[in-house]
Amino acid sequence: MEVPPRGPRRALDQTQVITRLGEGLAVTRRLGEAAMSRTLAVVDEFCRRAHAQGADDILIVATSAVREALNRQEFVDRVQRAVGRAVEVVTGEEEARLALLGVLDGLPDLPSAFVLFDIGGGSTEFIRGRERRVVAAVSLPLGVVGLAERYMTAGPVDWSCYAAMEREIRVALSAGLSGFATASQPEPLVGTAGTVTTLAALDQELQAYDPERVQGYVLERPRIERLLRSSSPGPRSAWPPWSASARRPSASATSAFAKAS
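Here my numbering = 1-based position in the sequence shown + 9.
Put into structure tokens, the structure is as follows:
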């Protein structure tokens with residue numbers, strides 16, 4: 010990102026790679042060797058690209074998967090040895106604050122009060138924002154990777170497993186968000202990160218992922234339920250190539266989470 014003294018910021022490079030760092034974490038509580046190697050390779054590549062663009066100070070931030078792993082220090086040390094940069098493992102509350110700042114930057118015309126949610130692979134954050142500040146933030150250990158590994162398979166959706174997964178989500182939301190929604194009037198719900206943007210792109214049937222069309226898109230609950238009904242392997246095989254990661258069982262977990270919340 011280029012930040013001139015005056016005028017708007019300009020993105021010099023923007024890339025997203027899904028490494029599934031939290032793969033297997035829900036069962037073993039550890040980061041797997043293959044997942045760490047994949048992620049380390051991507052971090053190294055991103056640092057090289059940043060240096061090529063003239064970046065001097067590079068900040069590497071890790072969130073829920075590393076935060077919860079028993080062997081997180083091993084991964085942090087490996088990254089530092091490989092790229093010469095320390096890794097900052099942020100708390101759930103700090104992750105929520107950073108998510109809010111990102112949304113406010115990308116959607117400057119949001120109303121003064123809203124609720125933000127970020128469904129990740131290993132955790133989900135809920136943030137109540139008001140006048141560009143965090144009023145309340147909750148981080149729950151619910152993520153689509155862990156849910157998919159416990160309840161979903163690569164084959165057709167097992168609806169009994171799906172119902173059990175939805176029950177777990179509802180119980181966790183009920184307990185974790187107790188007292189969170191204190192507003193007297195309903196507030197707009199804003200989603201960020203890969204799970205909700207994937208749903209927005211699929212709902213528009215985009216053949217090529219277009220951030221401009223995804224940004225600010227209004228996704229209604231009936232449309233999420235329609236996407237869920239199409240999440241069996243047959244229809245998913247016709248999804249666009251960019252959605253390869255969404256064709257995993259986590260697609261059903263994502264839809265279940267959005268529907269339950």
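All C-beta atoms, glycine included, are put in the ideal place defined by N, C-alpha and C.
May I have the straight-line CA-CA distance separating residue i from residue j, to the nearest angstrom?
{"i": "Leu-149", "j": "Ala-181", "result": "8 Å"}
{"i": "Ser-152", "j": "Asp-212", "result": "Checking the sequence, you will find Gly at residue 152 rather than Ser. Answer to the nearest angstrom: the Cα atoms are 21 Å apart."}
{"i": "Asp-167", "j": "Arg-179", "result": "18 Å"}
{"i": "Arg-141", "j": "Glu-103", "result": "15 Å"}
{"i": "Arg-29", "j": "Asn-80", "result": "16 Å"}
{"i": "Gln-62", "j": "Val-26", "result": "19 Å"}
{"i": "Pro-197", "j": "Phe-84", "result": "38 Å"}
{"i": "Arg-235", "j": "Asp-114", "result": "31 Å"}
{"i": "Gly-185", "j": "Ser-46", "result": "33 Å"}
{"i": "Ala-64", "j": "Leu-109", "result": "24 Å"}
{"i": "Arg-94", "j": "Gln-82", "result": "14 Å"}
{"i": "Val-227", "j": "Ala-172", "result": "26 Å"}
{"i": "Phe-189", "j": "Gly-203", "result": "24 Å"}
{"i": "Arg-19", "j": "Asp-118", "result": "19 Å"}
{"i": "Phe-123", "j": "Ser-73", "result": "23 Å"}
{"i": "Pro-220", "j": "Thr-24", "result": "11 Å"}
{"i": "Glu-177", "j": "Thr-162", "result": "17 Å"}
{"i": "Arg-238", "j": "Asp-86", "result": "43 Å"}
{"i": "Ser-187", "j": "Val-96", "result": "33 Å"}
Considering only the alpha carbon of each residue, which of the options lies closest to residue i?
{"i": "Leu-49", "options": "Arg-176, Val-227, Ser-187 and Ile-69", "result": "Ile-69"}
{"i": "Val-223", "options": "Glu-234, Val-199 and Leu-237", "result": "Val-199"}
{"i": "Leu-21", "options": "Glu-221, Ser-121, Ala-59 and Thr-206", "result": "Ala-59"}
{"i": "Gln-89", "options": "Leu-110, Leu-79, Cys-56 and Arg-238", "result": "Cys-56"}
{"i": "Val-92", "options": "Leu-109, Ala-122 and Glu-54", "result": "Glu-54"}
{"i": "Val-205", "options": "Ser-46, Ile-128 and Val-154", "result": "Ile-128"}
{"i": "Leu-34", "options": "Arg-230, Gly-131 and Gly-138", "result": "Gly-131"}
{"i": "Ala-78", "options": "Ile-67, Glu-42, Val-112 and Arg-94", "result": "Glu-42"}
{"i": "Ile-233", "options": "Gly-203, Glu-177, Arg-139 and Leu-208", "result": "Leu-208"}
{"i": "Leu-107", "options": "Glu-221, Thr-201, Ala-44 and Glu-158", "result": "Thr-201"}
{"i": "Val-36", "options": "Thr-162, Glu-158 and Phe-123", "result": "Glu-158"}
{"i": "Arg-139", "options": "Val-96, Arg-238 and Val-112", "result": "Val-112"}
Tell me the DSSP bridge mates of residue i?
{"i": "Ala-74", "result": "According to DSSP, which records beta bridges pairwise, Ala-74 is partnered with nothing at all."}
{"i": "Ile-136", "result": "Leu-125 and Ala-146"}
{"i": "Leu-198", "result": "Val-124"}
Apart from the five residues just before and just after residue i, which ones in its own chain have a Cβ nearer than 8 Å to its Cβ?
{"i": "Leu-116", "result": "Val-199, Gln-224 and Gly-225"}
{"i": "Glu-32", "result": "Gly-41, Ala-43, Ala-44, Val-154 and Glu-158"}
{"i": "Arg-38", "result": "Glu-77, Ala-78 and Leu-79"}
Leaving aside the five residues before and after residue i along the sequence, list all residues of the same chain whose C-beta is less than 6 Å from its C-beta, in chain order.
{"i": "Val-98", "result": "Ala-71, Val-75 and Arg-76"}
{"i": "Arg-230", "result": "none"}
{"i": "Gly-101", "result": "Ser-148"}
{"i": "Ser-169", "result": "none"}
{"i": "Phe-126", "result": "Phe-135 and Gly-200"}
Between residue i and the rest of its own chain, which residues show a CB-CB distance below 7 Å, the 5 nearest in sequence each way excluded?
{"i": "Met-105", "result": "Here residue 105 turns out to be Ala, not Met, going by the sequence shown. Hits under 7 Å: Glu-134, Ile-136, Val-143, Ala-146 and Ser-148."}
{"i": "Pro-120", "result": "Pro-197"}
{"i": "Val-52", "result": "Ile-69, Val-88 and Val-92"}
{"i": "Ile-306", "result": "Past the edges of the chain, shown from 10 to 270, lies residue 306, and the structure says nothing about it."}
- Message: Suppose only complete runs of 3+ residues qualify. What are the beta strand (DSSP E) ranges in the segment 28 to 106, listed by chain order?
- Response: 69 to 71 and 96 to 98
- Query: Quick one: complete alpha helix (DSSP H) runs, 4+ long, within the segment 155 to 191?
  - Reply: 168 to 185
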